[in-house]
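Numbering (my numbering), first residue to last: 1 to 683.
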């Protein structure tokens with residue numbers, strides 16, 4: 001029997017049924033729509049960085065190694081990469097680094113051409129074969145690393161046409177043959193080229209780049225005279241060739257020199273073409289063009305000098321010879337309005353945006369002084385660019401910009417900077433001030449006029465700018481050792497008190513006294529960037545065991561000693577991890593084992609004859625510091641003590657050790673073969 005409540009219940013059930021039906025209908029209808037919309041969100045835009053990378057992935061024979069290249073995610077998240085092997089900067093792809101991945105087949109780089117911000121490519125230590133990939137359309141590329149593959153065949157003469165920004169090219173240990181491409185010699189910004197370990201033939205073209213620091217041609221089939229522009233290079237750069245001659249090797253005989261045939265007499269048409277009126281008109285046009293260019297450059301210089309500041313920065317890969325003008329950013333303008341003096345009240349946390357001073361005995365300046373200063377780019381290091389800034393007070397400063405100092409919070413960062421500010425030693429470059437912002441940090445120090453140790457060891461030398469002599473090098477390494485000893489004593493809680501010791505992080509003052517820079521930054525550096533870039537993470541123990549110890553800094557010191565003695569750049573630093581085959585330590589040890597110790601030393605390192613013992617003693621210390629087994633490696637305190645005990649020998653006569661070293665191999669071998677130095681012979 002129906003009660004009064006029954007109609008209400010029926011109505012309620014009917015309404016509930018309708019609601020359920022509506023929900024079911026919406027679910028059936030909207031789910032496909034939602035799926036379509038979600039699929040649309042991950043559609044890769046044609047021509048985008050992601051599209052180019054995916055098309056490049058499609059050309060790889062074993063693309064499974066880059067399985068993380070997934071179209072459902074963007075390649076870059078600001079400066080971090082979502083895709084393995086991709087290098088990112090401000091959300092854009094600026095490089096690809098796929099080294100030692102077992103990649104094979106032919107390498108096709110054409111899909112990468114549309115990536116506008118692409119600056120560096122590295123495919124070293126793979127198994128690619130076939131012809132040299134076409135690269136001349138990658139006009140913004142600054143570095144190309146293809147060493148240790150199986151590329152073969154001739155490289156076209158115009159292979160590098162238009163690559164005006166290319167600075168570093170590594171093609172070593174492949175099977176290239178034919179002539180060295182002439183377009184390579186005309187690249188205006190080339191700093192380093194490695195062609196060793198191939199089958200190149202003919203003569204070396206004339207490399208006229210004034211900033212070329214390293215050129216390696218050994219172990220090819222080259223012949224003929226070495227161009228005059230390359231005669232300042234180490235003789236080892238030309239070893240193992242068919243018939244090369246002229247300095248730094250032996251002088252060419254008449255038979256070795258190639259003389260061009262006499263040109264045929266000009267045809268009547270050519271005579272008319274090169275007639276006197278033509279010459280007059282051509283010279284006039286050239287003079288007018290030169291005048292216009294000079295006027296334009298003068299106007300541009302005046303204009304850009306007014307706009308120079310430190311608030312905007314160039315992209316990665318810049319070089320010390322480039323100068324830029326900078327426009328002030330709104331963020332830096334706002335920061336300049338803040339109070340710029342620093343008060344070190346215990347427990348206080350400075351506000352974000354202020355310029356903080358950690359030295360009391362330096363004249364204060366504010367952020368606006370830096371913004372108004374004329375700025376010159378000194379170089380682009382592992383973590384960012386460095387600028388030389390002259391402010392109105394007459395001070396000359398170095399400002400280093402870091403974008404990867406996000407390992408700690410704001411309070412911890414300020415505390416660590418205060419801790420660094422309290423360090424004081426004659427061989428440490430003191431931190432003057434710093435600027436904190438979450439996105440980036442600025443560290444400010446005094447400018448040292450004699451540049452870095454690296455610039456003296458690896459620059460082209462001349463009569464006016466000779467290489468460092470032995471007394472100066474001994475003075476430098478003793479100062480570095482003292483500075484490191486101080487860091488170890490003052491920062492005992494840090495596993496690696498320095499962590500990034502290399503020749504470019506040792507600057508020289510007016511008297512060539514060394515000052516160590518970039519020390520104790522590992523605690524504040526982002527973990528990913530530290531692992532990829534810091535020298536400590538290229539050590540044998542990190543490569544084999546995945547850990548660092550206090551002796552890791554000892555290994556860095558040992559490599560620096562060998563670099564200072566040999567004048568050779570540690571090639572292992574150009575790649576991630578530790579590779580014994582590319583190690584400077586391995587090369588030195590092999591030379592010692594082969595009784596060629598005298599050939600280890602930099603021929604430009606002049607000194608008195610009796611300084612040989614000190615050189616060999618320092619070599620012994622350096623190799624002991626570089627023991628791959630850190631348990632057998634020397635302690636830092638022992639290394640510092642042994643280096644400090646080295647004294648430049650008393651003068652027994654004139655004569656340069658650099659020129660006489662090759663005649664004293666018996667002495668060198670006798671000293672180097674002591675029992676306590678046997679480990680160097682058996683590495």
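Quick reminder that beta carbons are idealized off the backbone N, C-alpha and C, glycines included.
Should the segment 554-561 be regarded as contacting the segment 617-635, the criterion being three or more beta carbon pairs within less than 8 Å? yes
Residues of its chain near residue 549, where Cβ-Cβ distance is below 6 Å and the 5 sequence neighbours each way are ignored: 630
How do the segment 430-443 and the segment 355-363 stand: do at least 3 beta-carbon pairs fall below 8 Å, yes or no? yes
In whole angstroms, what separates the C-alpha of residue 225 from that of residue 240? 15 Å
Distance between beta carbons of residue 384 and residue 401, contact taken as under 8 Å: 4 Å
Compare the Cα-Cα distances from residue 99 to each of 93, 86, 80 and 92 and report the closest residue. 86
Is residue 403 closer than 8 Å to residue 396 when the C-beta atoms are compared? no
If you draw a straight line from the C-alpha of residue 684 to the C-alpha of residue 423, how long is it? There is simply no residue 684 to check, as the chain begins at 1 and stops at 683 in what is shown.
Sorted by chain position, which residues of the same chain lie with C-beta nearer than 6 Å to residue 121's C-beta, five sequence neighbours on each side aside? 96 and 144
Candidates 477, 94, 377 and 195, of which the one nearest residue 139 by Cα: 94
Within this structure, are the beta carbons of residue 222 and residue 193 separated by less than 8 Å? no
Enclosing alpha helix (DSSP H) for residue 507 [first to last residue]: From DSSP, residue 507 is part of no alpha helix (DSSP H) but of the beta strand (DSSP E) over 506-508.
Host beta strand (DSSP E) of residue 413 (start-end): Residue 413 -> not in any beta strand (DSSP E); alpha helix (DSSP H) instead, spanning 410-421.
Coarse secondary structure for residue 558, derived from DSSP in three states: helix
Contact between the segment 409-418 and the segment 477-486 is defined here as three or more beta-carbon pairs at a separation below 8 Å; is this criterion met? no
Same chain, Cβ closer than 6 Å to residue 63, five either side skipped, listed in chain order: 57
Does residue 401 come out as helix, strand or coil in the three-state DSSP assignment? strand
Whole angstroms is fine: what's the gap from residue 445's alpha carbon to residue 507's? 12 Å
Bounding residues of the beta strand (DSSP E) (the contiguous stretch that carries residue 216): 214-216
DSSP three-state label for residue 179, please. strand
Check whether the Cβ atoms of residue 166 and residue 198 sit closer than 8 Å, and answer yes or no. no
Roughly how many whole angstroms lie between the Cα atoms of residue 47 and residue 132? 24 Å
In DSSP terms, what residue 199 is bridged to: 177
Residue 42 versus residue 542: straight-line alpha-carbon distance, rounded: In this predicted model, residue 42 has a pLDDT of only 48, less than 50, meaning its place in the structure is not dependable; the value taken from the coordinates is given anyway. The straight-line gap from Cα to Cα measures roughly 38 Å.
Going straight from the alpha carbon of residue 61 to that of residue 176, what length do you get? 22 Å
If I measure Cβ to Cβ from residue 503 and keep anything under 7 Å in the same chain, skipping five residues before and after, which residues do I get? 452, 453, 454, 457, 560 and 563
Let me make sure I understand the geometry here. Which of 567, 362, 370 and 494 has the alpha-carbon closest to that of residue 430? 362
Leaving out five residues on either side along the sequence, give the residues of the same chain with a beta carbon under 6 Å from the beta carbon of residue 174. 149, 151 and 198
Could you name the residues of the same chain whose beta carbon sits closer than 6 Å to that of residue 534, not counting the 5 residues immediately before and after it, in chain order? 499 and 500
How long is the line joining the alpha carbons of residue 584 and residue 292, rounded to whole angstroms? 50 Å
The beta strand (DSSP E) enclosing residue 389, as first and last residue numbers: 385-390
Taking the alpha-carbon positions, what's the residue 84 to residue 208 distance? 38 Å
Does DSSP put residue 205 in a helix, a strand or coil? coil
Below 6 Å CB to CB, which residues in the same chain sit around residue 680 once its five sequence neighbours on both sides are set aside? Residue confidence for residue 680 is low, a pLDDT of 34 falling below 50, so the modelled location carries little weight; the figure read from the coordinates is stated next. The residues are 589, 592 and 623.
Taking the CB atoms as reference points, tell me whether residue 505 and residue 517 lie closer together than 8 Å. yes
Considering only their Cβ atoms, is the gap separating residue 220 from residue 200 smaller than 8 Å? yes
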